[in-house]
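Residues -20 to -1, 1 to 143 (mature numbering (1 follows the signal peptide of the UniProt record, and there is no 0)) make up the sequence shown, in order. One structure below.
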Amino acid sequence: MKKIYLFILLTASIAFNASAQQQKASINDLAFMAGTWTLKHEWGDMEEFWGKPMGDNMVSTFRCVKNGKVVFYEFMAIEQAVNGPVMKLRHFNKGSIGWEDKNKPYLMPAVKITANQVVFESIDKRVRITYKRISPLKMDCILDEKGKDGKWKKDVFAYTLSK
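This is the structure:
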């Protein structure tokens, strides 16, 4: 009986310690994304700038330029929420004409964060964006989108650190 009691006590203690050591994901876990990232792609020349974490947020600007003309822009803010970081994304055409409603940015909570990788997923679960730092000078941005036919399409943007 004492052995069973000791086993239960030991198991509970290990579970409690493991739970106490788990921390909620924070903006600081995404510091690996910081920098100016560039890529030549069939859509055009791309540049994505990520500022370092500051307080409870990170911000990013993106532009895609083809043949010297803007294709589109993005502004992204990752803000700390109770359950972890949430990306708030907006797209813009030339002239800063927004795609999304002014009160409804595209929301993508972080659903998985590991060392040098984060996966954001849209609320409707139809879009995933993964940032994966693969070396000191390389980072992949992987866009997975679920089409109306239910099939997933994947685009990999292989960025190089330029600054």
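Every residue gets a Cβ at the ideal spot worked out from N, C-alpha and C, and that includes glycine.
Please report the distance separating the alpha-carbon of residue i from that of residue j.
i    : j   : result
K32  : W17 : 13 Å
E54  : K68 : 10 Å
L10  : M88 : 15 Å
M119 : N8  : 17 Å
V136 : M13 : 16 Å
L141 : E22 : 19 Å
Could you check what DSSP says for residue i in three-state terms: helix, strand or coil?
i           : result
L87         : strand
D9          : helix
S142        : coil
V62         : coil
S40         : strand
D25         : strand
A95         : coil
residue 159 : No answer is possible for residue 159: the residues shown for the chain start at -20 and end at 143.
G78         : strand
R106        : coil
D129        : coil
G15         : strand
K4          : coil
In the DSSP assignment, what are the bridge partners of residue i?
i    : result
R113 : M119
Note down, in chain order, each residue of its chain lying with its Cβ closer than 7 Å to the Cβ of residue i, except the 5 sequence neighbours on either side.
i    : result
R106 : E125, K126
Would a C-beta distance cut-off of 9 Å place residue i and residue j closer than the cut-off?
i    : j   : result
R108 : Q97 : no
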